[in-house]
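Enquirer: Here the numbering used here is used: the first residue of the sequence shown is 25, the next is one more, and so on. Here you go, one structure.
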Amino acid sequence: MVEEKDNADKIPAERLLDTVNPFTGSITAKAINKTEPDILLMKYWMPFFAPSLGAVASKMNSNTKTIAILDNVLPHEKHFYDIPLTKYFLNQCDGFVVMSDAVKKDLLSLKPDAKFILHQHPFYDHFGPIEDRAAALAKLSIAADQKVLLFFGFIRGYKGLDILLEAFKNADNDHTLLIAGEPYEDFEKYQPAIDALKAAGKNVVDHIRYIEDHEVPTLFSASDVCVLPYKSATQSGIASIAMHFELPMIVTNVGGLPEEVDNGKTGMISTEVSAPAVWQAIDAYFKNNLKSTFQQNIAATKQQRSWKNLAESVVAFSKTI
Numbered sequence: 025m026v027e028e029k030d031n032a033d034k035i036p037a038e039r040l041l042d043t044v045n046p047f048t049g050s051i052t053a054k055a056i057n058k059t060e061p062d063i064l065l066m067k068y069w070m071p072f073f074a075p076s077l078g079a080v081a082s083k084m085n086s087n088t089k090t091i092a093i094l095d096n097v098l099p100h101e102k103h104f105y106d107i108p109l110t111k112y113f114l115n116q117c118d119g120f121v122v123m124s125d126a127v128k129k130d131l132l133s134l135k136p137d138a139k140f141i142l143h144q145h146p147f148y149d150h151f152g153p154i155e156d157r158a159a160a161l162a163k164l165s166i167a168a169d170q171k172v173l174l175f176f177g178f179i180r181g182y183k184g185l186d187i188l189l190e191a192f193k194n195a196d197n198d199h200t201l202l203i204a205g206e207p208y209e210d211f212e213k214y215q216p217a218i219d220a221l222k223a224a225g226k227n228v229v230d231h232i233r234y235i236e237d238h239e240v241p242t243l244f245s246a247s248d249v250c251v252l253p254y255k256s257a258t259q260s261g262i263a264s265i266a267m268h269f270e271l272p273m274i275v276t277n278v279g280g281l282p283e284e285v286d287n288g289k290t291g292m293i294s295t296e297v298s299a300p301a302v303w304q305a306i307d308a309y310f311k312n313n314l315k316s317t318f319q320q321n322i323a324a325t326k327q328q329r330s331w332k333n334l335a336e337s338v339v340a341f342s343k344t345i
């Protein structure tokens with residue numbers, strides 16, 4: 025979701041497609057066809073968009089290659105209509121870009137003959153530069169000597185905040201858990217655990233709301249590690265933000281998350297999806313002072329994960345389909 029005040033590229037666009045109005049698919053396709061594009065590039069991440077995007081793709085001129093970047097093929101929260109709607113959309117496309125083996129597997133399970141390329145998600149670089157850590161900590165009213173663990177992004181059940189809250193019971197007073205993100209479910213189920221941690225003297229700083237773009241550099245620059253204790257996953261945009269800010273990650277071994285981390289070099293992979301295993305990784309990270317080494321290794325990978333690299337790969341792929 026991008027709001028008007030967010031720090032996103034200002035791209036002139038005419039808003040024609042209404043996801044709940046089937047008639048706008050033809051209108052949108054007609055407007056696109058007038059420009060005679062070589063490629064129609066779409067982003068797909070949930071079946072809700074399948075009817076509208078599929079309608080547009082189905083009406084493209086024959087000389088336009090329709091390519092979908094698939095964040096997810098099947099959603100994390102299952103519904104009876106997921107597979108038929110997704111199959112409809114996939115069948116309207118000429119090719120696909122997948123960014124993890126998990127998404128590739130889901131794609132081929134629904135469309136075995138799919139033409140695709142696998143390209144890792146570029147780093148999100150539009151949030152701006154890394155801030156001075158001391159200044160970032162001061163903005164957040166966190167003491168300069170704290171070891172800061174960041175849990176960032178939309179809060180949904182599969183992202184495992186409950187696992188991290190349980191793991192954080194093991195933390196000493198020199199650790200701070202920074203939670204920042206908008207709930208996409210009832211947050212009340214997490215509040216008792218947060219209250220209990222605070223009552224026990226643990227340091228928890230929570231910003232439970234939509235995080236605006238200008239706030240992102242402060243949160244990531246103040247942190248020592250980003251923790252993704254997911255219970256299931258395909259890939260994560262949070263990982264791309266963390267890598268831009270050269271912030272090492274601790275992730276669980278689910279879906280495409282292990283592909284985002286070079287274990288022991290740019291981050292750590294928890295051995296299990298459990299609070300004890302996540303805490304063991306966190307504890308080892310800090311005891312072995314791995315942040316500086318991991319940051320240097322992350323910085324060396326930035327060029328490979330650029331948006332320019334992705335764009336060139338999509339153009340080259342379009343000429344093969």
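C-beta: ideal position from N, C-alpha, C; glycine also. The model shown is predicted, which means the values in this text are computed figures rather than measured ones.
Tell whether a beta-carbon distance below 7 Å holds between Y240 and I274.
Expert: Numbered from its first residue, the sequence shown carries residue 240 at position 216. Numbered from its first residue, the sequence shown carries residue 274 at position 250. Per the sequence shown, the amino acid found at residue 240 is Val instead of Tyr. Judged by beta-carbon spacing, I274 lies beyond the 7 Å limit of V240, meaning their Cβ atoms are not closer than that value.
Enquirer: Only counting the same chain, and skipping five residues up and downstream in sequence, which positions put a Cβ closer than 6 Å to that of H268?
Expert: Along the sequence shown, read from residue 1 onward, the residue named residue 268 stands at position 244. Non-local C-beta neighbours of H268 in its own chain, meaning closer than 6 Å and more than five positions away in sequence, comprise F147, Y148, D149, ordered along the chain.
Enquirer: In this structure, how does DSSP classify A257 when only helix, strand and coil are distinguished?
Expert: Against the sequence shown, residue 257 aligns to sequence position 233. In the displayed model, A257 falls within coil according to three-state DSSP, outside both helix and strand.
Enquirer: If I measure Cβ to Cβ from Y112 and keep anything under 6 Å in the same chain, skipping five residues before and after, which residues do I get?
Expert: Taking the sequence shown and counting its residues from 1, one reaches residue 112 at position 88. So the qualifying residues of the chain are A74, G78.
Enquirer: Nearest to S264 by alpha carbon, out of P282, L188, L131?
Expert: For the purposes of this step, residue 264 is identified with residue 240 of the sequence shown, where counting begins at 1. Checked all of P282, L188, L131; the closest Cα to S264 is P282.
Enquirer: Comparing alpha-carbon positions, which option in I218, I262, K226, A162 lies nearest D237?
Expert: Within the sequence shown, numbered from 1, the residue matching residue 237 stands at position 213. Residue I262 is the option with its Cα nearest to D237.
Enquirer: Is the distance from the Cβ of L161 to the Cβ of L201 below 7 Å?
Expert: As a first step, residue 161 is located in the sequence shown; it is residue number 137 there, counting from the start. As a first step, residue 201 is located in the sequence shown; it is residue number 177 there, counting from the start. No.
Enquirer: By DSSP's criteria, K171 is part of a beta bridge. Which residues make up the other side?
Expert: Taking the first residue of the sequence shown as position 1, residue 171 is located at position 147. According to DSSP, which records beta bridges pairwise, K171 is partnered with H199.
Enquirer: So what does DSSP say about A53, is it helix, strand or coil?
Expert: Looking up residue 53 in the sequence shown gives position 29. A53: helix per DSSP, three-state reduction.
Enquirer: Below 8 Å, how does it come out for the segment 309–326 and the segment 277–292: are there three or more Cβ pairs, yes or no?
Expert: In this structure the segment 309–326 touches the segment 277–292; the number of beta carbon pairs closer than 8 Å is three or more.
Enquirer: Let me know the secondary structure DSSP gives L88 once reduced to three states.
Expert: Numbered from 1 along the sequence shown, position 64 holds the residue referred to as residue 88. Here the sequence assigns Thr to residue 88, which means Leu is not the residue at that position. Coil, per DSSP.
Enquirer: If we count the other Cβ atoms within 10 Å of its Cβ and call it buried at 16 or more, is V44 buried or exposed?
Expert: Residue mapping note: residue 44 aligns to position 20 of the sequence shown, counting from 1. Classification of V44: exposed, given that the 10 Å Cβ count is below 16.
Enquirer: To the nearest whole angstrom, what separates the beta carbons of A191 and V302, a pair I think is in contact under 8 Å?
Expert: Mapped onto the sequence shown, residue 191 falls at position 167. Mapped onto the sequence shown, residue 302 falls at position 278. The pair is a contact, with the Cβ atoms about 5 Å apart (cut-off 8 Å).
Enquirer: Where does M267 fall in DSSP's three states?
Expert: As a first step, residue 267 is located in the sequence shown; it is residue number 243 there, counting from the start. Note: M267 maps to helix in three-state DSSP.
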